[in-house]
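Everything in the sequence shown is counted per the numbering used here, starting at 1184 for the first residue and increasing by one.
Take a look at the structure below.
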Amino acid sequence: MNLESKWLEDFSALAATRSFSQAAERRFVTQPAFSRRIRSLETALGLQLVNRSRTPIELTAAGQLFLVTARTVVEQLGEVLRHLHHLEGGQGEVMQIAAAHSLALGFFPRWIAQLRNEGLNIATRLVATNVGDAVHALREGGCDLMLAFYDPDAAMQMDPEIFPSLHLGQTEMLPVCAASPDGKPLFDLEGDASVPLLAYSAGAFLGRSVNGLLRQRALRFTTIYETAMADSLKSMALEGLGIAWVPQLSVRAELARGELVVCGGPQWHVPLEIRLYRCALVRKANVRLLWRKLEGGAASGSV
């Protein structure tokens, strides 16, 4: 197989732009020449990487997996050149992590601090995003690691051989609301009256978990607000507008100060597992080092 490194950079540019014309402009070549180079790459691999019948163009399943390798090779070549030219100053690689918003705020800082206290001095770049975008980034090599709550449905869409994961900890979603002047919950989950619900948008994993509980317990409620972000639900609950199910790690401070109170017993709590995912095709040294440390039991537990 005879591959040219410029073809890998071409393919990475095409994946980023989803447009042959924009990618050709980015690579400073004409569109016909750029298209020939992508064809040459596909011929050398014996694979179709791009679905050209769609606009914007889409990567095939093979293209998505190869993109991870292409970006890794290009990145590693860049690392070597920077070291050779003494441009890195010995700082090493930066590990890019995509994380669900609630984990980016409520879990990531404490977790990284614990890792550093255990002697793992890694440089990280955090991208807080929704789970769908994080999965997409992991699939296509846009991040090195993904931090997310374990979702059995999403797990079925990710081959565990290619995208292995590690258990980092347990938490739970708690039903919370603002407190009355005497410190009691404004709303009661055990009563007969319908309660105002601050809900997750349709399709959100946390929302699916809560909806399953609500159906199981036949709660009477009226949805007054929807969003995909747990922290937005928390803000609405702080205003006394209703009940929200929020990860415990997102409301520790508000519960401690009495600004929010838990308004239901353990039967109303939803367990959550925190996991870290990587792509087995990525060969970054610092990712491999972190993974070995975590497999040995570093920086995990209940939060």
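All C-beta atoms in this analysis are idealised placements derived from N, C-alpha and C, irrespective of residue type, glycine included.
Nothing here was measured: the structure is a model prediction, and the numbers come from that model.
- Between the region 1337-1356 and the region 1468-1483 there are three or more inter-stretch CB-CB distances shorter than 8 angstroms, so the stretches are counted as touching.
- Among the bridge pairs identified by DSSP, ALA1282 is matched with ALA1311 and LEU1330.
- The Cβ-Cβ distance between SER1433 and GLY1315 does not fall below 8 angstroms.
- For GLU1442, there is no enclosing alpha helix (DSSP H), as DSSP marks it with neither H nor E.
- In the DSSP assignment, LEU1416 forms no beta bridge with any residue.
- Secondary structure of ASN1300 (DSSP, three-state): helix.
- Rounded to the nearest whole angstrom, the CA to CA distance from ARG1435 to GLY1441 is 10 angstroms.
- Boundaries of the alpha helix (DSSP H) around PRO1215: 1214-1228.
- Approximately 5 angstroms separates the beta-carbon atoms of ALA1245 and LEU1230; this is inside 8 angstroms, confirming the contact.
- A distance below 8 angstroms separates the beta carbons of LEU1328 and MET1278.
- Cβ-Cβ distances below 6 angstroms link CYS1360 to PRO1368, LEU1369, PHE1370, ALA1420, ILE1426 and CYS1446 in the same chain, with the five nearest sequence neighbours on each side left out; the list follows chain order.
- Secondary structure of ILE1426 (DSSP, three-state): strand.
- Taking C-alpha positions only, ARG1201 is separated from PRO1430 by approximately 36 angstroms.
- The beta carbon of TRP1428 is closer than 6 angstroms to those of MET1356, PRO1358 and VAL1393 in its chain, skipping five residues each way along the sequence.
- Taking C-alpha positions only, SER1285 is separated from CYS1462 by approximately 22 angstroms.
- Between ALA1387 and ASP1336, the alpha-carbon positions lie close to 11 angstroms from each other.
- Apart from sequence neighbours up to five positions away, the residues of its chain that approach SER1204 with a beta-carbon distance below 6 angstroms are GLN1214, ordered along the chain.
- Assignment of beta-bridge partners to VAL1470 by DSSP yields no partner.
- For THR1243, there is no enclosing alpha helix (DSSP H), as DSSP marks it with neither H nor E.
- Within the same chain, PHE1370, ASP1371, LEU1372, LEU1402, ARG1403, PHE1404, THR1405, GLY1425 and ILE1426 come within 8 angstroms of VAL1378 by CB-CB distance, once the 5 residues on both sides are set aside.
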